[in-house]
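The structure appears right after this line, and notes come after that.
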Amino acid sequence: MAVGPYGALLDAVRGVRWPARRAVPQGAPGAHQARSRGMAPEFAEYRPYRQGDDPKRLDWKLLARSDRAFVRLAPDHATLGTTFVLDASASMDYPAAEDNKWTLAKRLTVALAAAAHSGSDPVGVVIASALTAQRLEPRTRRGVVGEIARALDATRLSGSPPLAPHVALSAPRCVVLTDCLGDLAELRTALAQHVVRGGEAYLLHVVSRAELEPSPEPVLATDPRDANVRRALMSATRETYRERFDAFRTEVARAMRADGVQVFEVIDDAPVDVLVRRIARPAGSEAQR
Amino acid sequence: MSFLAPWMMVAGIVGSLGVFALHLLTTRRPPAVMFPTARFVPESDVRAVARTSRPTDVLLLVLRALAVLAIGAAFAQPVPDAPGAQVRTVVALEWTTAVVDIEAARRQAKGYLARGNALVVFDTAARELPPEALDTLSAPSPLLRRATLSPMFVRAHDAGTRIARGADSVRLVILSGVSADGLDAATPAWRAAWPGRVEVVRLPVQADTLAAPTLEVSGVFADDPLQPALAALAALRSGRGAHGVRLARAEATAADSAWAREVSGAVLVLWPATAASADVAREGSIDPRADTVVNAGVVALDGGEATPLVAPLMRRAVPEGRVVARWRDGTPAVTERVYGNGCVRSVGVGIPVAGDLTLRPPFAHFLEAMLAPCGGARRAVLPDSALPWLHAEGRLADGPMLAAAATTSSPLTKWLLVLAMLLLAVEQVVRRIHPRKGA
Numbered sequence: 000m001a002v003g004p005y006g007a008l009l010d011a012v013r014g015v016r017w018p019a020r021r022a023v024p025q026g027a028p029g030a031h032q033a034r035s036r037g038m039a040p041e042f043a044e045y046r047p048y049r050q051g052d053d054p055k056r057l058d059w060k061l062l063a064r065s066d067r068a069f070v071r072l073a074p075d076h077a078t079l080g081t082t083f084v085l086d087a088s089a090s091m092d093y094p095a096a097e098d099n100k101w102t103l104a105k106r107l108t109v110a111l112a113a114a115a116h117s118g119s120d121p122v123g124v125v126i127a128s129a130l131t132a133q134r135l136e137p138r139t140r141r142g143v144v145g146e147i148a149r150a151l152d153a154t155r156l157s158g159s160p161p162l163a164p165h166v167a168l169s170a171p172r173c174v175v176l177t178d179c180l181g182d183l184a185e186l187r188t189a190l191a192q193h194v195v196r197g198g199e200a201y202l203l204h205v206v207s208r209a210e211l212e213p214s215p216e217p218v219l220a221t222d223p224r225d226a227n228v229r230r231a232l233m234s235a236t237r238e239t240y241r242e243r244f245d246a247f248r249t250e251v252a253r254a255m256r257a258d259g260v261q262v263f264e265v266i267d268d269a270p271v272d273v274l275v276r277r278i279a280r281p282a283g284s285e286a287q288r
Numbered sequence: 000m001s002f003l004a005p006w007m008m009v010a011g012i013v014g015s016l017g018v019f020a021l022h023l024l025t026t027r028r029p030p031a032v033m034f035p036t037a038r039f040v041p042e043s044d045v046r047a048v049a050r051t052s053r054p055t056d057v058l059l060l061v062l063r064a065l066a067v068l069a070i071g072a073a074f075a076q077p078v079p080d081a082p083g084a085q086v087r088t089v090v091a092l093e094w095t096t097a098v099v100d101i102e103a104a105r106r107q108a109k110g111y112l113a114r115g116n117a118l119v120v121f122d123t124a125a126r127e128l129p130p131e132a133l134d135t136l137s138a139p140s141p142l143l144r145r146a147t148l149s150p151m152f153v154r155a156h157d158a159g160t161r162i163a164r165g166a167d168s169v170r171l172v173i174l175s176g177v178s179a180d181g182l183d184a185a186t187p188a189w190r191a192a193w194p195g196r197v198e199v200v201r202l203p204v205q206a207d208t209l210a211a212p213t214l215e216v217s218g219v220f221a222d223d224p225l226q227p228a229l230a231a232l233a234a235l236r237s238g239r240g241a242h243g244v245r246l247a248r249a250e251a252t253a254a255d256s257a258w259a260r261e262v263s264g265a266v267l268v269l270w271p272a273t274a275a276s277a278d279v280a281r282e283g284s285i286d287p288r289a290d291t292v293v294n295a296g297v298v299a300l301d302g303g304e305a306t307p308l309v310a311p312l313m314r315r316a317v318p319e320g321r322v323v324a325r326w327r328d329g330t331p332a333v334t335e336r337v338y339g340n341g342c343v344r345s346v347g348v349g350i351p352v353a354g355d356l357t358l359r360p361p362f363a364h365f366l367e368a369m370l371a372p373c374g375g376a377r378r379a380v381l382p383d384s385a386l387p388w389l390h391a392e393g394r395l396a397d398g399p400m401l402a403a404a405a406t407t408s409s410p411l412t413k414w415l416l417v418l419a420m421l422l423l424a425v426e427q428v429v430r431r432i433h434p435r436k437g438a
């Protein structure tokens, strides 16, 4: 698998599994506990025989002892398809340095895809760019992580593309990596609907350290999504900016969690492997954020 | 060079430093950078104040700083220092007929005068003369016997403030006899206004006694209203005075004129008694239809020392000379002119025949003044012990403080303001040529 600059990162997250947070729909055999019962060797429970059941699944010994027909059921396991929806808008290309929000989003996507793929889950990606939305359908074949990495590296960031339409078409586990500066209301609705449909929704809110602690030098801040928004960021306005930005992030997390979305705020100077372990932690074993 | 308002010069320097400091602060638009969360920045003025380490527009800076300095210097009113020693002297010389040896007084004053000093000559008035004029001061001769200190102090203060520029101290030397009538209510206040000690050099003067003069009266008619007053005056005063007086109630004779010219200190008083004589001034009448001029006259002695006469007095023209008394409207009522060794005093006040005017105290004072020696009476010379406040011990007047009290304006002020205007005009031109630099 050619993963280019992600080799060290993949080594760091090797062995990390990303279990589903709840039982997954029946599907191809996989690592996640399915909602259905199957024919696995492990015994789970009996169920009275119903017409149409395969006679092979009857417990003949029990039938002989009690003259009652029961079917042996075993827990079933299935795969969980994962789609990463990446916000390739211009605002993700911040700061101009090499390690910016987009870099973090790419590295997180590759690392989480590797973690999911290691459990035989199909992984795919949707790169929402203003130029074109590139879609890689979830697959389980070898090399899919490398394909994802190459697709991400080839992406050019621009504009302010919508994310909500891509959520509706995603796999049961949908992971959105965005800075939440685009179609946030529509995205919230789409993620809530995805949760209602039985899927898992993750929102990785990508934030730059430079956004949290802007430079003390006065600058004319220009929104890359909308060039008409030009504000003087200086000592007189910096504190108000911080208060507003903190309130915005808090409100986004609160609203998304209320809809059943797993929300993680990821900052561009945090180690990615640590973030991956925190995100992939099994349900009930972590305090989010 | 010194300044009338030095704190304005300080303000100008501070202002130019402020200009320099402001040059290091520039108001400009900060650099535009992409900032994804710009929407959370509150709306505000996009200009920001930035600080630079070195001024960028040196020419503009120099022009502005010089303009502010020029304005400050203009309001500080620079004046060139007067030439002379560090301790300068104002010499106030009494110039009256009462001074026994006027030449000695002149030489004494000359001894005090040097380059940069000031000379004030005074009798009842004071005037400043250039020190070089002391050599020619003998002409004209002194006219008055009285010398008052208040006008002298006023003029000496002006002269002191003028010569105080560039001097450490200013000394005031008064060469005077200092008689009692030389002081008035304002004298202590004016003395206190001089910010230092005063050196008083007492000159020997002739002090007049209050005794009645040797009086000869001619031309008195039968009902002359002046008679009771003269009699009362003679009854009050006894002895012989130092000067002789002839009172002519008719036209003066050649003998009277010769007497006045020959006898030292002789006073010839021409006080015609004919009320309806032809030279009565008709224009002074308050009733143009009246044949005779009967004024509700008020005559006051020049200087206002005595109660004015208020009576239906008749006005008579008098020749020019030193004014002894005036009518209410300022017209001279009594004049005196030097005549040989004596003087002739012309009285243009007609006394009404009826009434008791001549028996009232104001008229007695008036009559005394008419019979006074040439130049007016001079009262007793005061001893030094009576004048401790006049020449109190202490420091000389502080030169800079005295100079600061001057109310003169600097001749350079307008030129400095013009210079400032020119600099600001050039600054406008330079700023238009380099608009970005001037922003």
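Residue numbers (numbering that gives the first Met the number 0), protein chains in the order written: chain A, 0 to 288; chain B, 0 to 438. Idealized CB from N, CA, C, for every residue including glycine.
query, result
"Under 9 Å by beta carbon: chain B residues contacting Leu180/A", "Pro35, Thr36, Arg38"
"Straight-line Cα distance separating Pro227/B from Ala249/B", "18 Å"
"Which of helix, strand or coil DSSP assigns to Phe220/B", "coil"
"Neighbour-count burial assignment, Ala132/B, 16 or more Cβ in a 10 Å radius", "exposed"
"Span separating the alpha-carbon of Phe39/B from that of Glu210/A", "10 Å"
"Alpha-carbon to alpha-carbon, Gly341/B and Ser263/B", "6 Å"
"Amino acids of chain A, ordered along the chain, whose beta-carbon sits closer than 8 Å to that of Asp44/B", "Ala231"
"Contiguous beta strand (DSSP E) assignments of at least 3 residues, all confined to the segment 102-173 of chain A", "122-127, 132-138"
"Within-7 Å CB hit, Leu349/A to chain B", "This structure gives no information on residue 349/A, because the portion of chain A shown stretches from 0 to 288."
"Met8/B - containing alpha helix (DSSP H), residue span", "5-23"
"Within chain B, the residues that Glu210/A reaches when beta carbons sit closer than 8 Å", "Phe34, Pro35, Thr36"
"Test item: CB-CB of Thr82/A and Ala170/A under 7 Å", "yes"
"Proximity test, Cβ basis, 7 Å: Arg27/B and chain A", "no"
"Residues from the segment 218-229 of chain A in contact with chain B, defined by Cβ distance under 9 Å", "Val218, Leu219, Ala220, Thr221, Asp222, Pro223, Arg224, Asp225, Val228, Arg229"
"Burial state of Gly29/A (16 or more Cβ within 10 Å)", "buried"
"Any C-beta of chain B under 7 Å from that of Ser119/A", "no"
"Gln261/A - containing beta strand (DSSP E), residue span", "261-266"
"For Ile173/B: DSSP bridge partner residues", "Ala91/B, Val199/B"
"Beta-carbon contacts of Val15/A that lie in its chain and below 7 Å, excluding the five residues immediately before and after", "Ala114, Val275, Arg276, Ala279"
"Boundaries (first-last residue) of the alpha helix (DSSP H) holding Asp75/A", "Looking at the DSSP string, Asp75/A is not in any alpha helix (DSSP H); the run it does join, the beta strand (DSSP E), is 69-77."
"Neighbour flag for Pro79/B against chain A, beta carbons, 7 Å", "no"
"Ser159/A and Arg253/A closer than 7 Å at C-beta", "no"
"Own chain, CB closer than 6 Å to Gly393/B, minus 5 neighbours either side, in chain order", "Arg196"
"Cα-Cα separation between Ala353/B and His390/B, rounded to whole angstroms", "52 Å"
"Contact with chain B by Ser90/A, beta-carbon distance below 7 Å", "yes"
"Chain B contacts from the segment 235-251 of chain A (Cβ-Cβ distance under 7 Å)", "Ala235, Thr236, Thr239, Tyr240, Arg243, Phe244, Phe247"
"CA nearest to the CA of Arg138/A, picked from Gly181/A, Gly118/A, Asp98/A, Ala95/A", "Gly118/A"
"Three-state secondary structure assigned by DSSP to Gly240/B", "For Gly240/B, the predicted structure reports a pLDDT of 48, less than 50, and the residue's modelled location is therefore unreliable. The matter cannot be settled from this model."
"N-terminal and C-terminal residue of the alpha helix (DSSP H) that Arg248/A is part of", "234-257"
"Backbone CA spacing between Glu264/A and Ala73/A [nearest angstrom]", "39 Å"
"Ala363/B versus Val322/B: straight-line alpha-carbon distance, rounded", "19 Å"
"Whole-angstrom distance between Thr96/B and Arg105/B, CA atom to CA atom", "13 Å"
"Segments assigned alpha helix (DSSP H), at least 4 residues, entirely inside the segment 176-223 of chain A", "183-195, 208-211"
"Limits of the alpha helix (DSSP H) - the one that Glu426/B falls within", "412-432"
"Any chain B beta carbon closer than 7 Å to Tyr93/A", "yes"
"Selected residue, minimal CA-CA separation from Leu180/A, among Phe244/A, Ala110/A, Gly80/A", "Phe244/A"
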